[in-house]
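Numbering (the numbering used here), first residue to last: -14 to 391. Backbone N, C-alpha and C define an ideal beta-carbon position, used for all residues, glycine too. Note that the structure is predicted; figures quoted are calculated from it, not measured. First comes the structure, then the notes that go with it.
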Amino acid sequence: FLNWNGSKNYSWLSQTVEKEHAEVSDLKASNDGLKLDLEVAKTVTVAPLPCTESKPFEPPKDAGWEVQHPYSLIAKRPDHELPELYGKIQEKTIWTYWYDPSSCPTAASCQLPAQVQLCVESVERHKGSFDFRIVHRDEVLRYVSGTELPIKWEQLGPAQQKDSLMNALLARYGGIAWDISMILFKPLDDYWEEMVSQKASFRGYMYRWSGRPWRHEEAMAVWFLMARREGIFSTAVRNQFIGVGDRDNTNLYLEQYRALGDHTITPILGMFNYSLPKCFDDDTVPLPHHCPEKEQPAWYHGISGEERTDTKIMLSEPRDGPQLPMAFIGMELFNISDTTDRTKEKTWADNPLGSPMHDTSCSTMKACWEQEVLPRFDDGSLRFVKFFAHAHALDTWTREQILRNE
């Protein structure tokens, strides 16, 4: 999808830099005339967001200072001091995080991979009335206090850093926690307005919400989380601080990678709806005892009383929208004019109940585009699309190569 071969081509990443007046009907064209002009793409390159490099908090070197000021040591700021940007950012903000010790160590020195940069530009183009902020590692304490993150946050893995930071940002500011490797096709203002009008404080995607099995030990798709400020994520912040404790890892959790995302958020959502689909009830899950609902007490059994009714949550099935069946078989390199039958290829043939490809009957790249992508785009369920592993197959590609489909 991100790379079409041949002179008559069209790609998802290329779409994000097309002229604003491109119509949906163009997507259905017979491919004649669907050639992206690189010069047009260059004219809409988005400048990096302005940033101010903040100075890290340096505790005094006085003997015994740590004992006398444990709060400041953890918060990385003096007593009673709020984060610099608290109260200065609108609630409708799309948040994402990126850090790489070599290519993006700070906000002032950051070079995103080409495919990630194009994803970022799609958000800038279609963000609507939302603000959009890429938070870099050296900026974190401008937004949140060290007490809102695991104590040894900087020593955690990238996924755990991102998940715990998103929890803290949504708790304090609200907005959307957004995975940086997603392409946004249309503004999300109406999603937000619907959440607010229904007096809900959270909107997200939950696997099995449609009743279909999912063979992985996960429940929430944490790559998209929409929330009001000072809501359910305040509980997530408390739980992640306690859950990691003094450690520089998440080894005490049932599942280390998802510890501060799914395994922190799902148990909280379960307090508001005891009948949510349970990962451990899914017969296709190989390790049900590793499911996120097992990370906290079984609130869904009513052990502390009735369901919470002080707020509402809105959930959808990710596989009916931004997560496509082909997401795990290299769709970033799909040639959508390719009619080769691939049903005997190992990745395509892996389609038992609960697998990603079980949800589709398409057998060629062209068929997948026509059967899975275009209908969702037409009915509005494909506002954005998720690429896993940051579309790593394109890591060595330049921007020009991606846009020209070389």
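Does DSSP put residue i in a helix, in a strand, or in coil?
i: L400; result: There is simply no residue 400 to check, as the chain begins at -14 and stops at 391 in what is shown.
i: I161; result: strand
i: W199; result: coil
i: A283; result: coil
i: R384; result: helix
i: K85; result: This sequence places Asp at residue 85; Lys is not what is there. Strand at D85.
i: S289; result: coil
i: I227; result: helix
i: S186; result: strand
i: T78; result: strand
i: F265; result: helix
i: S301; result: strand
i: K147; result: helix
i: L67; result: coil
i: L34; result: At L34 the pLDDT is 42, less than 50, meaning the model places this residue with poor confidence; the figure from the coordinates comes in the next sentence. If DSSP states are grouped into helix, strand and coil, L34 belongs with coil.
i: D22; result: Because D22 sits at a pLDDT of 35, beneath the cut-off of 50, its placement in the model cannot be relied upon, and the following sentence gives the value as read from the coordinates. Coil at D22, not helix or strand.
i: W194; result: coil
i: E133; result: helix
i: A92; result: coil
i: V29; result: Since pLDDT at V29 reaches only 38, below the 50 mark, its modelled position is unreliable, and no value is offered.
Since residue i contacts residue j with CB under 8 angstroms, what's their CB separation in whole angstroms?
i: P307; j: F187; result: At roughly 17 angstroms, the Cβ-Cβ gap does not stay under 8 angstroms, so P307 and F187 are not in contact.
i: A244; j: T235; result: 4 angstroms
i: N392; j: V105; result: Outside the modelled stretch of the chain, which goes from -14 to 391, sits residue 392, for which no answer is possible.
i: H275; j: L239; result: 5 angstroms
i: E292; j: N336; result: Not a contact, Cβ separation roughly 36 angstroms.
i: W382; j: Q100; result: 7 angstroms
i: F369; j: L169; result: 5 angstroms
Which two residues bound the contiguous alpha helix (DSSP H) that contains residue i?
i: L254; result: 247 to 254
i: D363; result: 359 to 364
i: A414; result: The question about residue 414 has no answer, for the chain in this structure spans -14 to 391.
i: S57; result: 55 to 60
i: D116; result: Counting along the chain, D116 falls outside any alpha helix (DSSP H), though it belongs to the beta strand (DSSP E) covering 116 to 120.
i: S107; result: 99 to 111
i: K331; result: 331 to 334
i: L379; result: No alpha helix (DSSP H) contains L379, which DSSP labels as neither H nor E.
i: L126; result: 125 to 128
How about residue i and residue j: do their beta carbons lie closer than 8 angstroms?
i: W80; j: W163; result: yes
i: G189; j: L300; result: yes
i: K371; j: A312; result: yes
i: S166; j: H375; result: yes
i: K394; j: Q183; result: Examination of residue 394 is not possible in this model, given that the chain is present from -14 through 391 alone.
i: R396; j: G159; result: Given that the chain is displayed from residue -14 to residue 391, the structure contains no residue 396 and the question cannot be resolved.
i: I74; j: G131; result: no
i: E278; j: A378; result: no
i: D123; j: T78; result: no
i: E69; j: R157; result: no
i: H121; j: C95; result: yes
i: D64; j: Y71; result: no
i: D445; j: Q140; result: This structure leaves residue 445 out entirely; the chain is present only between -14 and 391.
i: P198; j: G339; result: yes
i: P303; j: A206; result: yes
i: S195; j: D305; result: yes
i: S348; j: R327; result: yes
Going by C-alpha distance, which of the options is nearest residue i?
i: G365; options: Y56, F117, L173, H65; result: L173
i: E431; options: K61, M350, L103; result: Here the chain covers residues -14 to 391 and nothing more, so residue 431 does not appear.
i: P395; options: T269, T332, R213; result: Residue 395 falls outside the range modelled here, since the chain spans only -14 to 391, and no answer is possible.
i: R193; options: A185, K184, E203; result: E203
i: E76; options: L154, D268, Q96; result: L154
i: Y242; options: A352, S348, S346, Q146; result: Q146
i: D231; options: L318, Y128, L134, I253; result: L134
i: S149; options: D323, D247, K171; result: D247
i: D295; options: K263, L254, S340, P303; result: L254
i: V229; options: P273, R157, I136; result: I136
i: M180; options: M211, A206, P198; result: M211
i: S114; options: R197, L272, K171, Y56; result: K171
i: E355; options: S322, W177, P63, R110; result: S322
i: Y285; options: P262, L237, C353, E178; result: P262
i: I314; options: A334, E280, T324; result: A334
i: M256; options: V125, F226, S289; result: S289
Return the first residue and the last residue of the beta strand (DSSP E) that residue i is part of.
i: V207; result: 205 to 212
i: L169; result: 167 to 169
i: V370; result: 369 to 371
Given 7 angstroms as the limit, tell me if residue i has its C-beta closer than that to any heavy atom belonging to the ligand NAD.
i: G159; result: For the ligand NAD, the structure offers nothing, since it holds no ligand at all.
Looking at the C-beta of residue i, does it have a partner C-beta in chain D at a distance below 8 angstroms?
i: P198; result: Protein chain content of the structure displayed is limited to a single chain, and chain D is not contained in it.
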